[in-house]
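Protein sequence lines correspond, in order, to chains A and B. Numbering-wise (our numbering), the first sequence opens with residue 29 and increments by one. Numbering-wise (our numbering), the second sequence opens with residue 2 and increments by one. Glycine residues also receive a C-beta, built at the ideal position from the N, C-alpha and C atoms. Predicted model, so just to flag it, every value in this text is computed and none were measured.
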Amino acid sequence: MDSCFNYSGLKICFNNKLYNLCVIEESLGAFGDFFESKIEIEENHIVVELNLIDNKGDIFIVREFCNYALGLMQNNR
Amino acid sequence: METISFDLKEKDAAVVIKINSKIYPLHTVYSASYVFLDRCYIMLDGDPEKEILVELRLKKDSNLELGVLAREFFNELLNYAFYEEQSRKNAPLRNTLLRAALLSNIGVQEFESEEEKCNEDLEDADWSEIEDLEDEEFEDPEGIAVPWEEKYGENSQKEEENSEEKIEISDDLNKEQTSEAIFSDDLQQGNFVDKQTEHSEKQFEEED
Numbered sequence: 029m030d031s032c033f034n035y036s037g038l039k040i041c042f043n044n045k046l047y048n049l050c051v052i053e054e055s056l057g058a059f060g061d062f063f064e065s066k067i068e069i070e071e072n073h074i075v076v077e078l079n080l081i082d083n084k085g086d087i088f089i090v091r092e093f094c095n096y097a098l099g100l101m102q103n104n105r
Numbered sequence: 002m003e004t005i006s007f008d009l010k011e012k013d014a015a016v017v018i019k020i021n022s023k024i025y026p027l028h029t030v031y032s033a034s035y036v037f038l039d040r041c042y043i044m045l046d047g048d049p050e051k052e053i054l055v056e057l058r059l060k061k062d063s064n065l066e067l068g069v070l071a072r073e074f075f076n077e078l079l080n081y082a083f084y085e086e087q088s089r090k091n092a093p094l095r096n097t098l099l100r101a102a103l104l105s106n107i108g109v110q111e112f113e114s115e116e117e118k119c120n121e122d123l124e125d126a127d128w129s130e131i132e133d134l135e136d137e138e139f140e141d142p143e144g145i146a147v148p149w150e151e152k153y154g155e156n157s158q159k160e161e162e163n164s165e166e167k168i169e170i171s172d173d174l175n176k177e178q179t180s181e182a183i184f185s186d187d188l189q190q191g192n193f194v195d196k197q198t199e200h201s202e203k204q205f206e207e208e209d
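Set out below in structure tokens:
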């Protein structure tokens, strides 16, 4: 259950019952200047691996990315 | 089972809120979370059909207290639950009003088409009886049936012509008077005014 909260560094697990894949993709597009990404779809999670470009930003950018995705979920429903 | 609770993680500066999704559904949690996006970092997890977990993590230089933040989140949940319940109750009335507002435009179009039909019917109607009535002679001692233009239009023109003539006459008189005033050294200003008043009185009498 807590797997999602163990995002340390640059790997985030989004619960696919709570976050849409298209929303995650759109958020990645919005943060494309900060990091390169790789998406994997597991049984219950969408796993996103992020690589910061030229050490731009920090862990807070990743959390901002999560907030952005949640904002889109609220606006798109 | 607790309806709602939270676990403080002081080391990580985060709090995890557990929400019973039967009381606060997923869309209510989304709405409440959206309000907190500017104050903290939020991550959702759990099962939307059983229990939803919300992690609130403080931002970089935030001075907020996690316990207070969590309780405010509960309040926001209740706020949106109430709002959505009211919205659900008012939905039929809202939809009716919207439908009425949108359909009123169609109503105008229908009215216009009906008006066109009426005009067509009037054009196709048999007006011979009314035309016969118009041709018949009838008594009009008060002059009610006389059109306004016939009654006043020509007369008013005549009046205008008369008034123009009068103005011309009065101009001639004025010229005579001024010539008198200029050439007679004995004529004083008072006498000149008296002559003018006499002339205007004469004009009024003629008009009467």
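Between the alpha carbons of residue i and residue j, how many angstroms are there, rounded?
i, j, result
"M44 (chain B)", "I52 (chain A)", "13 Å"
"V90 (chain A)", "Y84 (chain B)", "32 Å"
"E151 (chain B)", "E206 (chain B)", "28 Å"
"L100 (chain A)", "Y42 (chain B)", "14 Å"
"L104 (chain B)", "E116 (chain B)", "18 Å"
"F88 (chain A)", "L98 (chain A)", "15 Å"
"S129 (chain B)", "L99 (chain B)", "49 Å"
"Y25 (chain B)", "R105 (chain A)", "16 Å"
"K60 (chain B)", "A102 (chain B)", "46 Å"
"P148 (chain B)", "E208 (chain B)", "26 Å"
"Y31 (chain B)", "S114 (chain B)", "49 Å"
"R95 (chain B)", "Q87 (chain B)", "11 Å"
"Q102 (chain A)", "D82 (chain A)", "32 Å"
"N95 (chain A)", "S55 (chain A)", "9 Å"
"V69 (chain B)", "V36 (chain B)", "15 Å"
"S65 (chain A)", "D62 (chain B)", "27 Å"
"I69 (chain A)", "T97 (chain B)", "44 Å"
"K203 (chain B)", "E143 (chain B)", "33 Å"
"A126 (chain B)", "E132 (chain B)", "12 Å"
"L27 (chain B)", "D61 (chain A)", "31 Å"
"L78 (chain A)", "R40 (chain B)", "24 Å"
"H200 (chain B)", "D136 (chain B)", "51 Å"
"R89 (chain B)", "D86 (chain A)", "43 Å"
"T198 (chain B)", "D141 (chain B)", "44 Å"
Output needed for residue i: all residues of its chain with C-beta closer than 8 Å, excluding positions within five of it in sequence on either side, in chain order.
i, result
"A146 (chain B)", "F139"
Using C-beta distances below 7 Å, list every residue in its chain close to residue i, excluding the 5 sequence neighbours before and after it, in chain order.
i, result
"N44 (chain A)", "N72, H73 and I74"
"K51 (chain B)", "S22"
"T29 (chain B)", "L78, Y81, A82 and E85"
Since residue i contacts residue j with CB under 8 Å, what's their CB separation in whole angstroms?
i, j, result
"G47 (chain B)", "L38 (chain B)", "About 19 Å separates the two Cβ atoms, so there is no contact after all."
"L80 (chain A)", "F63 (chain A)", "5 Å"
"A14 (chain B)", "F74 (chain B)", "Not a contact, Cβ separation roughly 15 Å."
"L25 (chain A)", "P49 (chain B)", "No answer is possible for residue 25 (chain A): the residues shown for chain A start at 29 and end at 105."
"F42 (chain A)", "F93 (chain A)", "Incorrect: roughly 10 Å between the Cβ atoms, too far for contact."
When we look at the beta-carbon of residue i and count the other beta-carbons within 10 Å, is it buried (16 or more) or exposed?
i, result
"C119 (chain B)", "exposed"
"A92 (chain B)", "exposed"
"N64 (chain B)", "exposed"
"L134 (chain B)", "exposed"
"L123 (chain B)", "exposed"
To which residues of the same chain is residue i closer than 6 Å at the C-beta, ignoring the five residues directly before and after it?
i, result
"I40 (chain A)", "V76"
"I67 (chain A)", "V76"
"Y153 (chain B)", "none"
**OP:** Report yes or no: do three or more beta-carbon pairs, one from the stretch 17-36 of chain B and one from the stretch 73-89 of chain B, lie closer than 8 Å?
**Re:** yes
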